[in-house]
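Down below is the structure, laid out as structure tokens.
Number of protein chains: 2
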Amino acid sequence: MTDTKQKILDTAERLIAEQGYAATSLRHIIAEAGVNLAAIHYHFGSKEELLDEIISRKIGPVNAERVARLDQVLLESGAGPVAVEKVLEAFLMPMGEAADRTPAFVPFMGRLMAEGLLPAVIRKHMEGVFIRMVAALRRALPDLPEEEFAWRLHFMSGAMAHTMCGAGHFPELGAAEGGFRSRVGRLVTFLSAGFRAPRTAPETTEPRSEER
Amino acid sequence: MTDTKQKILDTAERLIAEQGYAATSLRHIIAEAGVNLAAIHYHFGSKEELLDEIISRKIGPVNAERVARLDQVLLESGAGPVAVEKVLEAFLMPMGEAADRTPAFVPFMGRLMAEGLLPAVIRKHMEGVFIRMVAALRRALPDLPEEEFAWRLHFMSGAMAHTMCGAGHFPELGAAEGGFRSRVGRLVTFLSAGFRAPRTAPETTEPRSEER
DNA sequence: GTCTATACTGAGATAGAC
DNA sequence: GTCTATCTCAGTATAGAC
Numbered sequence: 058m059t060d061t062k063q064k065i066l067d068t069a070e071r072l073i074a075e076q077g078y079a080a081t082s083l084r085h086i087i088a089e090a091g092v093n094l095a096a097i098h099y100h101f102g103s104k105e106e107l108l109d110e111i112i113s114r115k116i117g118p119v120n121a122e123r124v125a126r127l128d129q130v131l132l133e134s135g136a137g138p139v140a141v142e143k144v145l146e147a148f149l150m151p152m153g154e155a156a157d158r159t160p161a162f163v164p165f166m167g168r169l170m171a172e173g174l175l176p177a178v179i180r181k182h183m184e185g186v187f188i189r190m191v192a193a194l195r196r197a198l199p200d201l202p203e204e205e206f207a208w209r210l211h212f213m214s215g216a217m218a219h220t221m222c223g224a225g226h227f228p229e230l231g232a233a234e235g236g237f238r239s240r241v242g243r244l245v246t247f248l249s250a251g252f253r254a255p256r257t258a259p260e261t262t263e264p265r266s267e268e269r
Numbered sequence: 058m059t060d061t062k063q064k065i066l067d068t069a070e071r072l073i074a075e076q077g078y079a080a081t082s083l084r085h086i087i088a089e090a091g092v093n094l095a096a097i098h099y100h101f102g103s104k105e106e107l108l109d110e111i112i113s114r115k116i117g118p119v120n121a122e123r124v125a126r127l128d129q130v131l132l133e134s135g136a137g138p139v140a141v142e143k144v145l146e147a148f149l150m151p152m153g154e155a156a157d158r159t160p161a162f163v164p165f166m167g168r169l170m171a172e173g174l175l176p177a178v179i180r181k182h183m184e185g186v187f188i189r190m191v192a193a194l195r196r197a198l199p200d201l202p203e204e205e206f207a208w209r210l211h212f213m214s215g216a217m218a219h220t221m222c223g224a225g226h227f228p229e230l231g232a233a234e235g236g237f238r239s240r241v242g243r244l245v246t247f248l249s250a251g252f253r254a255p256r257t258a259p260e261t262t263e264p265r266s267e268e269r
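As they're listed, the protein sequences go chains A and B.
Note that the numbering used here has the first sequence beginning at 58, numbered continuously upward.
Note that the numbering used here has the second sequence beginning at 58, numbered continuously upward.
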């Protein structure tokens, strides 16, 4: 890979991690990287495709590790029950190891999630492992109604996004900066309990009658 | 309020609910509303302040209802224990009633959350009730360590954001469209179980030793 | 094959005429 | 209170230098 291309990728990843995708202009990237504006469009075609390549070059090992761990969890449990915690950990922890190798990547991904850029860009890189994780999770929770299960997956992805982003939206609440692993540990505890909760009783979904 | 201003507010709210804040240009808004571009800057000053006014005019009653319900929950429990479910419901349900009155508002707010616009705009409208809700939740969970509690609040806000947004990022998972109340009911079940989970054991936060 | 210079379109913002 | 004209900066496209 040419030096120019490399510099663009590294600089863009860092700036997007710091400021977000929308707030990072191509002109800001080229200024910091010391390259020409058109070089971005020569090497990548567009801002969106640049984003795609930043993800592509780093997400591969993470997802491979995820699949390996998920397979191991399923193997270890054999025909017996699968533990929710193990599945979630297998899916979430590999991101932390990527963070050790390349520090900007986790906040970078967190930013993208927070900005709602998953559908257009990230999904294509994540869909395979995500489906795999969902299947494992379904085996861990065979009695949960399908609709309830589907909603809980949404709750999970929301919580994941905000956790990876780090700061979250209410910094004054004092989210102490633990390492990524401790953060994921707490998230796994929280989500596992949520997934294991009994189905929602129908009357909970009714409007409350009393008014104040 | 002048008719021009009203038309801008209504049109902008609808378009942002449909397409998101970033994707909705002022020129698109004025075209649909049938007004002049400069009218937006005359009445509101900027796109951001327009956003602020759309929120301001609707969030008031919602937050008043939230405070009323939170107070009622605390009153009913007196000196006894407070139920997590009651607190979360008191905070989340009033949004659903706003949805009945003005259908575009919930997806509008969901979009903003999904786009990560909370810190700049929404926080100032929500901070008061949020702090109040956090205090009530703390009373419901007196034994949870502060740091664990803080993280769980982050997990909650992430899950909330994605839930309000409706579709979420993985539509192929088949999130059936229940009404807002059933959705909130499921969310309350999930979050309550998560909040009540025992503290995360330290060893869960350690790196796993085995590799595949 | 790589990279530079420059121009095009559409965004939000602003000044000043009416 | 409203509208026209214009400014700056964004992402994008292309012609041509090396």
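Think of the CB as a built atom: it goes at the ideal place given N, C-alpha and C, for glycine as much as any other residue.
Segment contact flag, the region 145 to 152 of chain B with the region 80 to 92 of chain B, C-beta cutoff 8 Å, min 3 pairs: No, they do not touch.
Please confirm whether any heavy atom of the ligand MG lies closer than 8 Å to the CB of residue 219 of chain B. Ligands are entirely absent from the displayed structure, and the ligand MG is therefore not among its contents.
Less than 9 Å separating the beta-carbons of residue 189 of chain A and residue 123 of chain A? Result yes, Cβ atoms of residue 189 of chain A and residue 123 of chain A sit closer than 9 Å.
Residue-chain proximity (residue 186 of chain B, chain A), Cβ-Cβ < 9 Å: Contact with chain A is absent for residue 186 of chain B, since none of that chain's Cβ atoms lies less than 9 Å from the residue's Cβ.
So, does the CB of residue 217 of chain A fall closer than 9 Å to a CB anywhere in chain B? At a cut-off of 9 Å between C-beta atoms, residue 217 of chain A counts as an interface residue with respect to chain B.
One question on the structure: do residue 257 of chain A and residue 242 of chain B come within less than 9 Å of each other, judged by their Cβ atoms? In contact: residue 257 of chain A and residue 242 of chain B (Cβ atoms closer than 9 Å).
Out of curiosity, what's the CA-to-CA distance linking residue 74 of chain A and residue 106 of chain B? Just so you know, the alpha carbons of residue 74 of chain A and residue 106 of chain B end up roughly 26 Å apart.
I need the DSSP call for residue 58 of chain B, collapsed to helix, strand or coil. Correct three-state label for residue 58 of chain B: coil.
What does a CB cutoff of less than 8 Å around residue 127 of chain A pick up in its chain, not counting 5 residues either side in sequence? Taken in chain order, the residues that qualify are 144, 147, 148, 186, 189, 190, 193.
Cross-chain neighbours of residue 257 of chain B in chain A, by beta carbon under 7 Å: Going along chain A in sequence order, the residues near residue 257 of chain B (Cβ under 7 Å) are 242, 243, 246.
Does any residue of chain A bring its CB to less than 9 Å from the CB of residue 211 of chain B? Residue 211 of chain B counts as touching chain A.
Can you find at least 3 beta carbon pairs, one from the region 198 to 210 of chain B and one from the region 197 to 213 of chain A, that sit closer than 8 Å? They do not touch, by the three-pair rule.
In this structure, does DSSP put residue 196 of chain A in helix, strand or coil? Look at residue 196 of chain A here: in three-state DSSP terms it is helix.
Among A:221, A:91, A:98, A:88, the one whose alpha carbon lies nearest that of residue 172 of chain A: Checking every option, the nearest Cα to that of residue 172 of chain A belongs to A:221.
Buried or exposed by the 16-neighbour rule on C-beta atoms within 10 Å, applied to residue 159 of chain B: Residue 159 of chain B sits exposed, since fewer than 16 C-beta atoms from the chains shown fall within 10 Å of its C-beta.
Nearest by alpha-carbon distance to residue 112 of chain A: which of A:95, A:129, A:67, A:195 is it? A check of alpha carbon separations from residue 112 of chain A across A:95, A:129, A:67, A:195 identifies A:67 as the nearest.
Distance CB(residue 219 of chain A)-CB(residue 165 of chain B) smaller than 9 Å: No, the Cβ-Cβ distance between residue 219 of chain A and residue 165 of chain B is not below 9 Å.
Can you tell me which of B:150, B:197, B:89, B:248 puts its alpha carbon nearest to the alpha carbon of residue 135 of chain B? Among B:150, B:197, B:89, B:248, the Cα nearest to that of residue 135 of chain B is on B:197.
Could you name the residues of chain A that residue 195 of chain B contacts, counting a contact when the two beta carbons are closer than 8 Å? Within chain A, no C-beta atom comes nearer than 8 Å to that of residue 195 of chain B; the closest sits roughly 11 Å away.
Rounded to whole angstroms, what's the CA-CA distance from residue 77 of chain B to residue 152 of chain A? Just pull it up for me. If you draw a straight line from the Cα of residue 77 of chain B to the Cα of residue 152 of chain A, it comes to about 29 Å.
Could you round the C-beta distance between residue 141 of chain B and residue 249 of chain B to whole angstroms and report it? I think they count as a contact, below 8 Å. Right, their Cβ atoms sit about 4 Å apart.
Close-in-space but distant-in-sequence residues of the same chain around residue 97 of chain A (CB under 8 Å, 5 per side omitted): Taking C-beta separations shorter than 8 Å and ignoring five residues to either side along the sequence, the partners of residue 97 of chain A in its chain run 65, 83, 86, 87, 104, 107, following chain order.
DSSP three-state label for residue 209 of chain B, please. Three-state result, residue 209 of chain B: helix.
Quick one: is residue 60 of chain A near chain B, going by C-beta distance under 9 Å? Cβ-Cβ to chain B under 9 Å: no for residue 60 of chain A.
Can you tell me whether residue 210 of chain B is buried or exposed, with buried defined as 16 or more other CB within 10 angstroms of its CB? Burial of residue 210 of chain B is indicated by the presence of at least 16 other C-beta atoms within 10 angstroms of its C-beta.
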